[in-house]
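If you read the sequence shown in my numbering, its first letter stands for residue 136, the second for the next number, and so on. By construction, the Cβ of each residue, glycine as well, lies at the ideal position given by its N, Cα and C atoms. All values reported here derive from a predicted model rather than from experimental measurement. Here the structure is laid out as structure tokens; the discussion comes afterwards.
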Amino acid sequence: MKIHNFNAGPASLPDVVLKEAANAVINFDNSGLSILEIAHRSPEFKAVLAEAKDLTLDILGLKDKGYQVLFLQGGARMEFLRIPVNLMRVNGKAAFLDTGIWSSGAMKEAESFGLCIEVASSKDRKYCYLPKEYSIPEDADYFYCTSNNTISGTQITHFPETEVSIVCDMTSDIFSRNMDFSRFDLIFAAAQKNIGIAGVTLLVIKESILGKTNRNIASILDFQEHIKADNMYNTPPVFAIYTAMLTLRWIKAEGGIAIIEKRNQEKARLLYAEIDRNELFEGTADRLDRSKMNATFILKDESHKKAFDQFLKERGIYGLEGHRFVGGYRASLYNAVTSKSVNFLVSVLQEFEKQNIN
Ligand SMILES: *Cc1c(COP(=O)(O)O)cnc(C)c1O
């Protein structure tokens with residue numbers, strides 16, 4: 136039985152990426168060695184890292200615009216800490232838009248380093264919408280936001296016009312849609328949602344924003360140290376970076392973000408249309424703010440839950456349960472999830488409705 140993977144992360148990867156990664160585990164680039172055992176300072180791996188960085192800037196349209204790319208360990212949560220350490224001046228302040236558990240987690244981490252101002256929050260309605268009216272203090276060291284809220288299923292489409300540096304956690308929607316990425320001074324994304332496997336985080340940093348804090352920064356936390364060491368301050372996660380590079384190659388070969396974005400729009404349209412039509416289900420995020428990456432919904436009548444879960448399992452639908460904090464269901468529609476899988480999920484929801492409504 137084909138399994139259709141809608142898990143929120145670690146998540147679906149393109150077939151070609153899985154095949155190439157599997158081959159490289161046995162024989163990397165016909166070297167007779169496994170990608171798992173080559174030296175991180177070997178010319179072969181340096182070429183992989185260089186290609187991954189080049190593709191990142193190329194795909195985001197950020198080449199020759201003063202950005203540095205890093206692939207670091209510790210997941211997105213490590214960046215919740217590393218970002219204030221590197222960007223918040225001593226006695227400085229940062230502004231946060233609280234749109235979910237990830238942004239509030241990032242703010243909590245930053246509070247150890249300076250004043251954190253919450254410019255707006257959607258916590259009052261369990262993060263099912265995005266605050267629209269807010270202002271950013273002009274003297275903030277940076278403004279922090281989460282582009283896609285993986286848990287509640289909302290996604291920012293309008294970023295604020297501001298002179299303040301914008302820092303954005305794009306973990307769950309990077310490379311899924313086009314925008315002017317040069318509006319951001321720091322973009323980061325843990326790999327396990329839309330880039331590759333767990334174990335590495337992509338950072339794209341405008342170099343001119345670094346070195347202004349007046350703080351002594353421990354080397355392992357210091358972006359400038361990592362840049363100076365060419366991403367080799369400590370041993371980088373070789374296989375995770377290799378897999379990320381393969382995914383970036385795949386995005387480029389598919390035709391870049393514009394093509395991927397079109398597919399993502401169609402996938403989301405199909406699924407939300409079914410959630411809205413089907414009498415058994417309802418979406419949980421406000422329509423205007425719905426995410427094209429994570430569609431969250433619930434059964435109107437919870438008594439169907441056991442039967443529905445079994446129904447999904449029998450049809451090879453994997454990873455549809457909602458985040459443990461919110462329950463319900465969530466279909467993650469990342470780049471590697473095919474329209475075929477989404478069409479299949481839609482047909483499964485229709486079949487379940489037929490069986491349960493007379
Ligand atoms: C998954 C996720 C995280 C957490 O990532 P870790 O690598 O587990 O720390 C943070 N932010 C967003 C938007 C996420 O989707």
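Cβ-based neighbour list, residue i, same chain, cut-off 6 angstroms, excluding 5 preceding and 5 following
i	result
threonine 370	His175
valine 494	Because the chain spans 136 through 493 in this model, residue 494 falls outside it and cannot be assessed.
cysteine 280	Leu232 and Cys303
tyrosine 464	Phe432, Leu455 and Gly457
serine 239	Asp233
phenylalanine 319	Ile301 and Cys303
asparagine 413	Leu484 and Glu488
glutamate 81	The structure shown does not extend to residue 81, since the chain is modelled only from 136 to 493, so the question has no answer here.
leucine 216	Glu244
alanine 159	Ile170
leucine 222	Asp276 and Tyr277
threonine 378	Ala156, Gly331 and Ile332
methionine 380	Val183, Glu186 and Ala187
isoleucine 410	Phe416, Gly418 and Phe432
phenylalanine 446	Phe487
Spatial neighbours of residue i in its chain, beta-carbon cut-off 7 angstroms, leaving aside the 5 residues before and after
i	result
methionine 367	His175 and Arg176
glycine 201	Lys341, Glu342 and Ser343
glutamine 384	Reading off the sequence, residue 384 comes out as arginine, not glutamine. The residues are Leu190.
glycine 288	Thr419, Ala420, Arg425, Ser426, Asn429, Ala430, Thr431 and Arg465
glycine 235	Tyr262, Thr281, Asn284, Ile286 and Ser287
serine 476	His139
lysine 258	Asp233
leucine 192	Lys198, Tyr202 and Val204
serine 474	Arg398, Glu401 and Lys402
methionine 136	Gly451
aspartate 164	Glu179
glycine 167	none
Beta-carbon proximity check, residue i vs residue j, cutoff 8 angstroms
i	j	result
arginine 224	lysine 347	yes
histidine 458	alanine 143	yes
leucine 468	alanine 430	yes
alanine 255	tyrosine 269	yes
leucine 337	alanine 326	yes
valine 220	leucine 423	no
threonine 306	alanine 211	yes
leucine 205	phenylalanine 358	yes
leucine 197	serine 317	yes
isoleucine 291	alanine 275	no
isoleucine 138	glycine 331	no
alanine 393	asparagine 478	no
tyrosine 395	glutamate 401	Residue identity differs from the one stated: residue 395 is isoleucine in this sequence, not tyrosine. No. Outside cutoff.
alanine 333	proline 149	no
lysine 228	glycine 249	yes
Assumed close pair residue i, residue j - CB separation to whole angstroms, cut-off 8 angstroms
i	j	result
proline 266	leucine 232	7 angstroms
isoleucine 322	threonine 297	The Cβ separation is near 16 angstroms, so there is no contact.
serine 311	asparagine 329	6 angstroms
tyrosine 453	asparagine 140	5 angstroms
phenylalanine 374	isoleucine 170	6 angstroms
phenylalanine 278	alanine 241	That pair is no contact at about 12 angstroms.
leucine 415	asparagine 491	6 angstroms
threonine 419	valine 152	No, threonine 419 and valine 152 are not in contact; Cβ-Cβ is about 31 angstroms, not under 8 angstroms.
valine 481	leucine 405	6 angstroms
isoleucine 194	isoleucine 386	6 angstroms
isoleucine 494	valine 335	Since the displayed the chain opens at 136 and closes at 493, residue 494 lies outside it and no answer follows.
isoleucine 362	glutamine 203	5 angstroms
Close beta carbons around residue i, own chain, < 8 angstroms, minus the five adjacent residues each side
i	result
methionine 213	Leu207 and Thr336
serine 247	Pro219
proline 372	Phe206, Gln208, Gly334 and Val335
glycine 391	Ile194
Continuous alpha helix (DSSP H) assignments of at least 4 residues falling wholly in the stretch 346 to 410: Counting whole runs of 4 or more residues, the stretch 346 to 410 contains the alpha helix (DSSP H) stretches 358 to 363 and 373 to 389.
Any heavy atom of ligand 1 nearer than 6 angstroms to the CB - residues listed: The set of residues with any CB-heavy atom separation to ligand 1 below 6 angstroms comprises, in chain order, Gly144, Gly210, Ala211, Arg212, Trp237, Thr281, Thr285, Asp304, Thr306, Ser307, Ala325 and Lys328.
Restricting to runs no shorter than 4 residues, where is the alpha helix (DSSP H) found entirely within the stretch 141 to 214? You should have 150 to 161 and 178 to 195.
Which residue spans inside the stretch 320 to 350 form an unbroken alpha helix (DSSP H) run of at least 4? Qualifying alpha helix (DSSP H) stretches: none in this window.
As an exercise, report each continuous alpha helix (DSSP H) stretch of at least 4 residues that is fully enclosed by the stretch 206 to 280, in chain order. Restricted to the stretch 206 to 280, the alpha helix (DSSP H) segments that are unbroken, complete and at least 4 residues in length are 210 to 222 and 236 to 245, listed in chain order.
Secondary structure, beta strand (DSSP E): runs of 3+ residues fully inside the stretch 409 to 481: Within the stretch 409 to 481, the complete beta strand (DSSP E) segments at least 3 residues long are 416 to 418, 429 to 434 and 464 to 467, listed from N- to C-terminus.
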